[in-house]
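These notes are about the structure you will find just below.
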Amino acid sequence: MADTPPLVALPAHRLLVAHAARLGQAHLRELFDLDPARAESMRAEAHDIHLDFSKQRIDGAALADLIALLGHSPFARRRAAMFAGERINVTEDRAVLHVALRAPRGTVMRTDGHDVVPDVHAVLDRMAAFADAVRSGRWTGHGGRRIRHVVNIGIGGSDLGPAMAHEALLDRVHPGLSFRFVSNVDPGDFHAKVAGLDPAETLFIVASKTFTTQETMANARTARAWSLAAFGGDERSVSRHFVAVSTAADLVKAFGIDPANMFAFWDWVGGRYSMDSAIGLSTMVAIGPDAFRDMLAGFHEMDRHFLEAPPERNLPVLMGLLQVWNAGYMGFGAHAILPYCQHLHRFAAYLQQLEMESNGKRVRLDGTPVSWPTCPVIWGEPGTNGQHAFFQMLHQGTFTVPADLIAFAMPAFDSLGMHDMLLANAFAQARVMAFGQTADELRALGTPAHLVEPKVMPGNRPTSFLLLRERTPRALGRLVALYEHATFTAGAVWDVNSFDQWGVELGKKVAGALLPLLDGPASAGPDPSTDALVRRYRGWRGRG
Ligand code: F6P
164 MADTPPLVAL PAHRLLVAHA ARLGQAHLRE LFDLDPARAE SMRAEAHDIH
214 LDFSKQRIDG AALADLIALL GHSPFARRRA AMFAGERINV TEDRAVLHVA
264 LRAPRGTVMR TDGHDVVPDV HAVLDRMAAF ADAVRSGRWT GHGGRRIRHV
314 VNIGIGGSDL GPAMAHEALL DRVHPGLSFR FVSNVDPGDF HAKVAGLDPA
364 ETLFIVASKT FTTQETMANA RTARAWSLAA FGGDERSVSR HFVAVSTAAD
414 LVKAFGIDPA NMFAFWDWVG GRYSMDSAIG LSTMVAIGPD AFRDMLAGFH
464 EMDRHFLEAP PERNLPVLMG LLQVWNAGYM GFGAHAILPY CQHLHRFAAY
514 LQQLEMESNG KRVRLDGTPV SWPTCPVIWG EPGTNGQHAF FQMLHQGTFT
564 VPADLIAFAM PAFDSLGMHD MLLANAFAQA RVMAFGQTAD ELRALGTPAH
614 LVEPKVMPGN RPTSFLLLRE RTPRALGRLV ALYEHATFTA GAVWDVNSFD
664 QWGVELGKKV AGALLPLLDG PASAGPDPST DALVRRYRGW RGRG
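Note that this note's numbering has the sequence shown beginning at 164, numbered continuously upward.
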């Protein structure tokens with residue numbers, strides 16, 4: 164793939180630069196005046212997900228050239244290679260086959276000539292048996308009591324997906340079980356999460372692909388000590404209160420967890436693409452195997468759509484291209500995720516890892532530097548809460564932040580028309596971000612002269628609206644796969660490796676090297692600033 168021409172040399176790139184210069188001057192009001200039909204033409208729908216991108220600052224001509232850019236990029240080749248199990252993660256020499264995690268039984272998906280689908284279903288079946296045992300009370304703790312609390316210990320992809328899914332599907336969680344997620348090496352996280360739990364009724368899931376991650380191993384050791392203390396140090400209790408999810412069987416065993424209580428996955432599953440692997444064990448225990456399989460079916464439906472739909476109707480392709488457009492051509496360096504659904508309150512955090520760890524890259528697949536912007540800052544919070552916090556800046560600040568608004572049509576609960584209020588707010592915010600309110604309009608409303616300018620709403624803030632039918636496990640699977648493949652699309656156009664994460668390694672090493680300076684004999688830090696911080700810390704800790 165080293166022969167891929169740079170993005171800036173692709174014929175469509177020059178045209179897109181010209182489109183951006185033109186559309187950078189245009190207001191969404193004008194774009195709608197010029198083409199009132201854009202409300203119809205700039206939308207796409209699949210599997211009960213309706214994507215309205217008519218309020219993006221793009222028009223038909225620019226979209227056509229974005230699709231041309233896609234056509235000249237490595238996208239199609241790389242998508243085919245991913246589904247074929249090729250080692251497209253070149254820096255780690257690994258296949259990228261999370262799509263196999265949701266392939267129906269009997270499908271064939273190979274990597275290195277080996278069909279992985281039977282392996283996937285064998286693990287799913289073991290997970291289901293375990294989940295059923297915990298849910299029914301057949302799986303008991305060391306003292307014979309049933310499990311009432313499940314604590315997932317993991318970080319990054321081994322935490323964010325399970326934690327997000329737990330919140331997203333909270334109303335489907337087994338009523339007799341509570342779930343907590345410990346991730347931070349800050350000891351306060353563990354202690355807060357186990358507060359009030361009875362160790363005799365608590366099961367820990369230690370989730371770590373590598374089983375070497377400092378935070379997870381430290382929390383797992385702390386959990387082991389906390390649990391053992393309740394059983395008078397009886398090591399036999401460990402096998403009833405600890406299970407593991409990992410690719411590293413030997414390390415799991417060395418930690419003292421019975422390999423019979425380990426649920427495997429494989430090196431072709433990236434951490435941030437793993438919530439539908441055994442990493443989702445807590446999700447399966449929470450919602451039950453049938454609902455989990457329904458979620459996998461939703462993922463799979465979106466996989467097929469991504470593979471088969473033409474670009475102009477392909478939801479992930481459109482969303483990936485819109486990100487390329489906004490970040491690369493319009494120069495918008497941030498992207499807000501605004502779910503109008505409290506249950507999705509961890510979704511932006513989940514997407515931060517998915518997108519920023521995947522596409523926050525500075526070199527191309529062949530190792531040469533990119534000379535175009537890649538991943539924007541991904542952030543967000545649910546509406547309507549955000550409206551009362553940071554939307555002021557979105558509406559009247561000096562930076563333009565494109566946003567995705569996400570809402571479900573069908574309420575899971577409703578009270579006195581509140582769901583309609585929620586949706587009215589979502590639609591209103593997208594409208595106001597696009598069209599704003601002019602000085603003339605404010606004057607016509609009788610606004611006092613001194614308040615006209617402070618009240619002007621410039622509008623022209625681009626948004627996409629994702630309206631889903633209903634918040635179900637299947638819909639969650641579709642939504643996550645939608646963003647996974649949008650991330651893939653943008654990464655392929657940018658020609659980066661979306662599946663490695665070298666940028667997180669140096670910090671881990673430096674932390675390892677600094678630790679002895681904090682708790683060992685005093686010695687000089689590696690630079691004057693760090694040295695001063697370490698000395699101040701040691702001083703306050705009474706370490707001289
Ligand atoms: O440090 C980054 C990272 O490697 C992520 O990519 C991953 O999701 C996370 O750490 C946790 O890794 P593991 O599952 O191996 O503990």
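Yeah, the Cβ is synthetic: ideal placement off N, Cα and C, and Gly gets one too.
Quantities reported herein were computed from a predicted structural model and do not represent experimental measurements.
The closest CA to that of Tyr503, considering only Pro611, Asn548, Pro338 and Arg637, is found on Asn548. A distance below 8 angstroms separates the beta carbons of Asp228 and Leu179. The nearest non-hydrogen atom of the ligand F6P is less than 7 angstroms from the C-beta of Val667. At least one heavy atom of the ligand F6P falls within 7 angstroms of the beta-carbon of Gly320. By the criterion of at least three beta-carbon pairs nearer than 8 angstroms, the segment 638-657 is not in contact with the segment 591-598.
Between Ser371 and Ser409, the CB-CB gap stays under 8 angstroms. Residue ranges of uninterrupted beta strand (DSSP E) with 3 or more members, entirely inside the segment 596-636 and ordered along the chain, are 626-633.
With respect to the C-alpha of Gly622, the residue from His235, Leu481 and Ala602 having the closest C-alpha is Ala602. Thr270 and Ala383 have their C-alpha atoms spaced approximately 36 angstroms apart. Taking 8 angstroms as the cut-off, the Cβ atoms of Lys218 and Ala593 count as close. DSSP lists no bridge partner for Leu260. For Trp431, the closest of Ile251, Gln377 and Pro574 by C-alpha to C-alpha distance is Ile251. Exclusion of the five residues before and after Arg435 leaves Gly320, Gln516, Leu517 and Glu520 as the residues of its chain whose Cβ lies within less than 6 angstroms of its Cβ. In the displayed model, Phe405 falls within a strand according to three-state DSSP. Gln377 has its Cβ no nearer than 7 angstroms to any heavy atom of the ligand F6P.
One Cα belongs to Val415, the other to Asn315, and the distance between them is close to 15 angstroms. Here Ala328 is not near Met465, since their CB atoms are 8 angstroms or more apart. For Ile230, no beta strand (DSSP E) encloses it; the enclosing alpha helix (DSSP H) starts and ends at Gly223 to His235.
Taking non-hydrogen atoms of the ligand F6P into account, the C-beta of Ser534 is found less than 7 angstroms away from none of them.
Look at Ala326 here: in three-state DSSP terms it is helix.
For Glu203, the enclosing alpha helix (DSSP H) has its first and last residue at Arg201 to Ser204. When distances are taken from the beta-carbon of Lys524 to the heavy atoms of the ligand F6P, even the shortest one reaches 7 angstroms or more. Distances from the alpha-carbon of Glu364 to those of Leu514, Gly707 and Ser341 put Ser341 closest.
The three-state reading of DSSP puts Asp278 in strand, counting E and B together.
Annotation: the continuous beta strand (DSSP E) that includes Arg343 extends over Ser341 to Val345.
The alpha-carbon of Arg335 is positioned some 6 angstroms away from that of Ile450. About 6 angstroms separates the beta carbons of Phe426 and Arg289, which is inside the 8 angstroms limit, making them a contact pair.
Listed in chain order, the beta strand (DSSP E) elements of length 3 or more contained wholly in the segment 421-468 are 425-427.
Taken atom to atom, the span from the alpha-carbon of Ala653 to that of Ala454 is near 31 angstroms. Of the candidates Ser692, Arg698 and His506, the residue whose Cα lies closest to the Cα of Glu544 is His506. Straight through space, the alpha carbons of Val369 and Phe394 are spaced by roughly 19 angstroms. Contact between Leu170 and Leu484 is absent: CB atoms are separated by about 13 angstroms, not below the 8 angstroms threshold.
Minimum Cα-Cα distance from Lys671 among the listed residues Arg399, Phe571, Leu631 and Thr376 corresponds to Thr376. If you draw a straight line from the Cα of Glu647 to the Cα of Val348, it is about 27 angstroms long.
With respect to His261, Arg641 sits apart: the two C-beta atoms are not nearer than 8 angstroms. The continuous beta strand (DSSP E) containing His312 extends over residues His312 to Ile316.
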